[in-house]
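Q:
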Amino acid sequence: MSIYRREGDEAIRMRGAAEQPPAPEADHSEVMTRMLDELPKLMVLVALIAASFSLSTVLWSGAGLLRIVAARVWQRDGAHHSSAGGGADGGERRAPRRLEPSDVAVLIAAHNEEQVIGDTIRSAAAQVPAANIFVASDGSTDGTVALAEAAGVQVIDIFPNRGKAGALVEGISRFSLRDRFQVVLLLDADSRLRPDYLLTGLPLFDDAGTVAVAGRATSALHPRPETWLGRLLTAYRERTYVFVQCMQKFGQASRRANAVAIVPGFASMYRTSILDSVDIDAAGLAIEDYNMTFEVHAKRLGRIAFHPSCAIAETQDPDTLRDYVLQMRRWSLGFWQTVRRHGAHVGVFWFSVGISIVEVLVTSIILVLALPMLLLSTLAWLLADVARLGGAGFEWAVAIAGAVPPVIVLLGLLIPDLCVTLIAAVLSRRLPNAAALCFPLLRIVDAAVCMLTFVRAFGAAGDGRWISPTRRSIPAIEARSVDPTPDSAPDSDLAPDRAVAEVVRRAAT
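Now the structure itself:
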């Protein structure tokens, strides 16, 4: 009986389902309309995210990860790789002998740097003998020359001033650095070498094909800027140093890529054997370091090495908005002038530069437009309520507020930038503070400077003469000393820093 009842119920259910009218078809036009309404918001978010994480960052971060993997492989099986040719990727041409501090000349170009020159010389004297330190004072009118002479180093006083590049050329020539030394360390007067600068940096020259070692920049924490704005500017600059050097430059320095975009003039080393081939004081350029780097690549002089753990120096960054903008303008103008001077070539470096140029211009346009867009969107959002209450003439506000709400623009600026801050914090092992929320505003300043100098670079030449930013005075304290001889202990007894230097020399691919 129950069997027949279940079958009857099933028949009734199926017959009822068959008698129901078919479901209405989806309104595809309505779906498309909703998607198109959301498209402006999506485009704004994508554009602002792309402004923080460029294709170059992704590509070179991947190359940097490959370097790390190769280093781990070498550490695990170092003997095998050593017998196969040295280094994590093999093919390294070993130099006849490891360079020593006595092979290095330190050349300091200075213009009115009496507040910092003493500390810079002391940091250099902890690395090399005083006889290896040379100062080229470029038209200084303060106590720079007297302080350098009192420190026991060799000094030339250049008048009238020629700019930093001209001072370097004069110093190299007058002190015969090409003939007397194998390496010249170009050091800014406001830079302070870390005690292990040469200990970790010189082993990178063990590859005979390496002609330059790019120093790793880090912001000087002492003396501390006195104002909140000064601390904000230096914190932002330090984030830029960490992110760019670890996420881009480390990958660019791999041996197969050899695409380092700049050997920074604040504290970097060159083999003196290539100096005759590099046009240091090229006409019409605001700065020399971009041009010197491009010269190395254009003339195929050799490899540029870089590692975040090696050749570290501290530099005083501007702590006023005026000095910051002036320095950014000088750097950016120098880059665009160098691009104009060298043009296009074939190779990994030039391809990388081409991608970077497109990204920098597009990113700058997006960031320059972001602030007006945020203000317009906020105004439209406020006026949209007037239109909804029956106010005439504010229909445009409703349209803009609906297409690009201010919260979308604000989040698009803050969230990607905060991600950059967090990545830099992890890499540097320092906790960020609340001031990081202001970093997007400084990125907009950078973008505006970039756009202005791009136009100027193709219309006017620079002469390279400089005005130093306001310096923070450094007390006359005794510099820390360090044993400058890399090979003073057997490999099995290497101190931690020397072990790092040895691993880096082998694994810096």
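Using this note's numbering, read the sequence shown as starting at 45 and increasing by one per residue.
Ideal placement from N, C-alpha and C gives every residue a C-beta, glycine not left out.
Could you tell me which residues DSSP pairs with Y314 in its beta bridges?
A: Taking the first residue of the sequence shown as position 1, residue 314 is located at position 270. Note: Y314 sits in a beta bridge opposite V228, A256.
Q: Which runs of the alpha helix (DSSP H), 4 residues or longer, sit entirely within the stretch 407 to 471?
A: Fully enclosed alpha helix (DSSP H) runs of 4 or longer: 439 to 447.
Q: Would you kindly work out how many angstroms separate the C-alpha atoms of E439 and F483, rounded to a whole number?
A: The residue labelled residue 439 in the question sits at position 395 within the sequence shown. The residue labelled residue 483 in the question sits at position 439 within the sequence shown. If I take the Cα positions, the gap works out to 34 Å.
Q: If L479 and V286 are in contact, beta carbons under 8 Å, what's the gap, nearest whole angstrom?
A: The count along the sequence shown starts at 1 and reaches residue 479 at position 435. The count along the sequence shown starts at 1 and reaches residue 286 at position 242. The sequence as given places Ala at residue 479; Leu does not occur at that position. Between V286 and A479 the Cβ distance is about 16 Å, and since that is not below 8 Å, they are no contact.
Q: Have a look at I200, V288, A107, H351 and flag the residue whose alpha-carbon is nearest the alpha-carbon of G215.
A: Taking the first residue of the sequence shown as 1, we reach residue 215 at position 171. The candidate whose alpha carbon is nearest that of G215 is I200.
Q: By the DSSP assignment, the alpha helix (DSSP H) with F498 in it spans what residues?
A: Counted from its first residue, the sequence shown places residue 498 at position 454. From DSSP, the alpha helix (DSSP H) with F498 extends over 483 to 501.
Q: With respect to the alpha helix (DSSP H) encompassing D367, which residues constitute its N-terminal and C-terminal limits?
A: Residue mapping note: residue 367 aligns to position 323 of the sequence shown, counting from 1. Run containing D367: 365 to 386, per the alpha helix (DSSP H) assignment.
Q: Buried or exposed: where does H155 fall if 16 or more other Cβ atoms within 10 Å of its Cβ makes it buried?
A: For the purposes of this step, residue 155 is identified with residue 111 of the sequence shown, where counting begins at 1. By the neighbour-count rule (16 or more Cβ atoms within 10 Å), H155 is buried.
Q: Suppose contacts are defined by Cβ-Cβ distances below 8 Å. Is R238 in contact with A149 by that definition?
A: Locating residue 238 in the sequence shown gives position 194, where the first residue counts as 1. Locating residue 149 in the sequence shown gives position 105, where the first residue counts as 1. Against a cut-off of 8 Å, the Cβ pair of A149 and R238 comes out as no contact.
Q: Measuring alpha carbon to alpha carbon, tell me which of D251, A194, R111, I177 ends up nearest L143.
A: Here residue 143 corresponds to residue number 99 of the sequence shown, with the count starting at 1. That would be D251, whose Cα lies nearest to the Cα of L143.
Q: How should N302 be labelled, buried or exposed, when 16 other C-beta atoms within 10 angstroms of its C-beta is the threshold for buried?
A: As a working mapping, residue 302 is identified with position 258 in the sequence shown. So N302 counts as buried.
Q: Whose C-alpha, out of Q292, R268, A492, A190, is nearest the C-alpha of V412?
A: Stepping through the sequence shown from its first residue, residue 412 is reached at position 368. Closest by alpha carbon: A492.
Q: Label W272 either buried or exposed according to how many other C-beta atoms from any shown protein chain fall within 10 Å of its C-beta, with 16 as the threshold for buried.
A: Residue mapping note: residue 272 aligns to position 228 of the sequence shown, counting from 1. Looking at its Cβ environment, which holds fewer than 16 other Cβ atoms inside 10 Å, W272 is exposed.
Q: Do L230 and L212 have their C-beta atoms within less than 8 Å of each other?
A: What you label residue 230 is simply residue 186 of the sequence shown in a count that begins at 1. What you label residue 212 is simply residue 168 of the sequence shown in a count that begins at 1. Cβ atoms of L230 and L212: closer than 8 Å.
Q: Which residue from Q198, N335, W425, A447 puts its Cα closest to that of A169?
A: Along the sequence shown, read from residue 1 onward, the residue named residue 169 stands at position 125. Considering only alpha carbons, the answer is Q198.
Q: Let me check one thing: in DSSP terms, what residues is R138 bridge-paired to?
A: Locating residue 138 in the sequence shown gives position 94, where the first residue counts as 1. Paired residues: D251.
Q: Specify whether the stretch 378 to 393 and the stretch 328 to 335 touch according to this definition: at least 3 beta carbon pairs, one from each stretch, less than 8 Å apart.
A: Yes, the stretch 378 to 393 touches the stretch 328 to 335.
Q: Measure the beta-carbon distance from R281 to D361 and round it to whole angstroms, keeping in mind my assumption that it falls under 8 Å.
A: Stepping through the sequence shown from its first residue, residue 281 is reached at position 237. Stepping through the sequence shown from its first residue, residue 361 is reached at position 317. The Cβ separation is near 4 Å, so the contact holds.
Q: With a CB to CB cut of under 6 Å and the five nearest residues on each side skipped, what residues in its chain are close to G222?
A: Here the question's residue 222 lines up with position 178 in the sequence shown. Per the sequence shown, residue 222 should be read as Arg rather than Gly. T316, L319.
Q: Using a Cβ-Cβ cut-off of 6 Å (strictly less than) and excluding sequence neighbours within five positions of L496, which residues of its own chain qualify?
A: Locating residue 496 in the sequence shown gives position 452, where the first residue counts as 1. Excluding sequence neighbours, L496 sits near nothing in its chain.
Q: Beta-carbon of L143 versus every beta-carbon of chain C: anything under 8 Å?
A: As a matter of chain content, chain C is missing from the structure shown, which is built from one protein chain.
Q: Within 10 Å of its beta-carbon, does C463 have 16 or more other beta-carbons around it, so buried, or fewer, so exposed?
A: Counting from one through the sequence shown, the residue named residue 463 turns up at place 419. Exposed, since its Cβ has fewer than 16 Cβ neighbours within 10 Å.
Q: Compare the Cα-Cα distances from S100 to each of N205, R283, T407 and report the closest residue.
A: Position 56 of the sequence shown holds residue 100. Checking every option, the nearest Cα to that of S100 belongs to T407.
Q: Roughly how many whole angstroms lie between the Cα atoms of V160 and H341?
A: Stepping through the sequence shown from its first residue, residue 160 is reached at position 116. Stepping through the sequence shown from its first residue, residue 341 is reached at position 297. When rounded, the distance between both Cα atoms is 33 Å.
Q: Is T185 helix, strand or coil when you go by DSSP?
A: Residue numbering aside, residue 185 sits at position 141 when the sequence shown is read from its first letter. T185 falls in the coil class under three-state DSSP.
Q: Figure out for me which residue from Q381, R166, P352, A349 has the closest Cα to the Cα of G328.
A: For the purposes of this step, residue 328 is identified with residue 284 of the sequence shown, where counting begins at 1. Answer by Cα proximity: Q381.
Q: Mapping DSSP to helix, strand and coil, what is P204?
A: Taking the sequence shown and counting its residues from 1, the one referred to as residue 204 is at position 160. Correct three-state label for P204: coil.
Q: Under 8 Å, do I324 and A501 count as touching if we go by C-beta distance?
A: Stepping through the sequence shown from its first residue, residue 324 is reached at position 280. Stepping through the sequence shown from its first residue, residue 501 is reached at position 457. For I324 and A501, no; Cβs fall outside 8 Å.
Q: If I'm right that V392 touches C494 with Cβ under 8 Å, what's the distance once you round it to whole angstroms?
A: Against the sequence shown, residue 392 aligns to sequence position 348. Against the sequence shown, residue 494 aligns to sequence position 450. 24 Å between Cβ atoms; not a contact.
Q: Would you identify the three-state DSSP class for E403, choosing helix, strand or coil?
A: Sequence index remark: in the sequence shown, residue 403 carries index 359 (1-based). Three-state result, E403: helix.
Q: Which residues bound the alpha helix (DSSP H) around E358?
A: Here residue 358 refers to the residue found at position 314 when the sequence shown is read from its first residue. Here E358 belongs to no alpha helix (DSSP H); instead the beta strand (DSSP E) covers 356 to 359.
Q: Tell me whether G503 is buried or exposed, calling it buried when 16 or more other Cβ atoms sit within 10 Å of its Cβ.
A: Counted from its first residue, the sequence shown places residue 503 at position 459. Looking at its Cβ environment, which holds fewer than 16 other Cβ atoms inside 10 Å, G503 is exposed.
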